[in-house]
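Using our numbering, read the sequence shown as starting at 642 and increasing by one per residue. Everything below concerns the one structure shown next.
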Amino acid sequence: MPSGKQQITTPQSSHPTDPISSQASSQRPSSETDNDRCVLDDFEGRVHCDDNLLLMRELPDAVLNLVYIDPPFMTNSVRQSSHGATYEDRWSGGIEHYKRFLRERLVQIHRLLRTDGTIHVHIDHRVAHHVRLMLDEIFGAKQFLNEIIWSYRTGGVASRWFSRKHDTILAYAKVLGEHTFHPQRGGTYRTDGLNIDETGRPFKNTTKGRLYFHADGPTLTDVWDIPFLSTVSRERTGYPTQKPEALLQRIILAGTNAGDVVADFFCGSGTTLAVAKRTGRKWLGCDCNSEAVAIARERLARIENPPESP
Ligand SMILES: C[S@@+](CC[C@H](N)C(=O)[O-])C[C@H]1O[C@@H](n2cnc3c(N)ncnc32)[C@H](O)[C@@H]1O
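Okay, here's the thing in structure tokens:
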């Protein structure tokens with residue numbers, strides 16, 4: 642597993658007048674006609690090592706079914722794992738700099754989504770309010786689906802306010818009503834005294850006989866209790882801020898069908914891509930940090946292609 646430190650340029654340099662952005666506009670297709678010639682097949686099934694804005698600009702319109710992004714959270718620090726892997730999350734121009742960076746990319750993602758598509762943006766209390774307004778503006782407030790609360794328990798306790806132990810995932814449809822959504826089940830029923838029958842199905846006794854509950858648990862709401870990856874988790878790759886596969890599994894199973902295309906443009910260690918591959922979705926990933934890309938590629942190579950569906 643790669644562990645060397647690497648300085649990356651993205652947040653500090655992604656300003657419209659920065660070299661990285663002007664390179665984008667001069668080298669990338671400048672017209673719809675150029676874009677139309679692109680074929681998604683050239684891009685999918687790969688982890689691209691690039692500034693994601695450059696990659697997005699190369700992709701044709703309306704080709705993705707689900708986009709999940711987990712961008713830097715504006716922690717104003719260099720994110721570092723115990724293994725030494727790092728990525729930059731410092732923004733010299735403050736919140737306006739961060740918003741400019743994200744806005745350009747959200748506009749592109751909106752263009753790339755199919756009409757049945759959805760976007761999921763994973764952030765936390767530092768920028769959630771800014772990002773919600775930006776998504777309202779770019780996607781339209783009417784396309785809002787959910788503010789998913791990912792609740793977890795990690796070490797560290799605040800003494801001056803309640804400990805901040807959740808992240809927020811903002812979900813929007815490209816076109817509400819045409820978007821793909823499959824309700825998911827999980828967790829345990831709150832009903833006291835449930836019995837389990839011979840086949841493992843939960844039920845309670847009522848005056849009219851047995852009232853059965855779904856064996857997979859209740860329908861999920863927008864608050865998800867999923868454990869944070871422990872330091873000894875088998876899933877751990879050593880990349881900082883790696884997210885649990887269980888979280889991405891819910892998002893992907895709810896928002897796509899087998900064979901759909903899932904993209905993660907801030908893919909880090911490749912969690913989204915790994916789940917997409919394992920569940921029979923097409924996928925494409927991008928990260929500007931070569932260390933992340935190496936980890937993600939290695940992780941994906943270890944996953945067998947799922948058998949073709951009959
Ligand atoms: C929070 S991490 C993603 C972690 C990932 N969800 C996982 O499970 O491993 C954010 C990632 O965004 C990447 N990043 C930041 N700016 C980027 C840009 N302009 N283009 C591509 N990747 C970028 C960073 O290198 C970092 O790996």
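Cβ coordinates follow ideal geometry from the N, Cα and C atoms, glycine included. Computed from a predicted model, the values in this text were never measured in an experiment.
Based on the DSSP output, what are the partners of L705 in its beta bridges? L754
Which class does N693 belong to by DSSP, given the choice of helix, strand or coil? helix
Report, in whole angstroms, the separation of the C-beta atoms of V772 and L743, which I expect to be a contact under 8 Å. Yes, V772 and L743 are in contact; Cβ-Cβ is about 7 Å, under 8 Å.
Rounded to the nearest angstrom, what separates L707 and Y880 at their Cα positions? Whole-angstrom Cα-Cα distance: 23 Å.
Whole-Å CB distance - F906 paired with R767, under 8 Å assumed: Here F906 is actually not in contact with R767; their C-beta atoms are around 20 Å apart, not less than 8 Å.
Tell me where the alpha helix (DSSP H) around V916 begins and ends. Counting along the chain, the alpha helix (DSSP H) containing V916 begins and ends at T912 to R919.
Please report whether the beta-carbon of D757 lies at a distance below 9 Å from any beta-carbon of chain C. This model lacks chain C altogether; it includes just one protein chain.
For W791, count the other beta carbons within 10 Å of its own beta carbon; 16 or more makes it buried, fewer makes it exposed. Which is it? Taking a 10 Å sphere around the C-beta of W791, we find 16 or more other C-beta atoms and assign the residue as buried.
Tell me whether the beta-carbon of D757 lies closer than 9 Å to the beta-carbon of E819. yes
Output the distance between the C-alpha atoms of C908 and F803, rounded to the nearest integer angstrom. Approximately 30 Å, taken between the alpha carbons.
Considering only the alpha carbon of each residue, which of F854, V680 and C929 lies closest to Y830? F854
Determine the burial state of N930: buried for a count of at least 16 other Cβ atoms within 10 Å of its Cβ, exposed for fewer. Result: buried.
Name the two residues that bound the continuous alpha helix (DSSP H) containing E778. A769 to F780 is the extent of the alpha helix (DSSP H) around E778.
Say whether the segment 912 to 920 touches the segment 872 to 886, bearing in mind that this needs 3 or more beta-carbon pairs closer than 8 Å, one atom from each stretch. yes
Check whether the Cβ of K740 sits closer than 8 Å to any heavy atom of ligand 1, and report yes or no. no
Under the rule that 16 or more other beta-carbon atoms within 10 Å means buried, what is A782, buried or exposed? exposed
Using three-state DSSP, classify G827 as helix, strand or coil. coil
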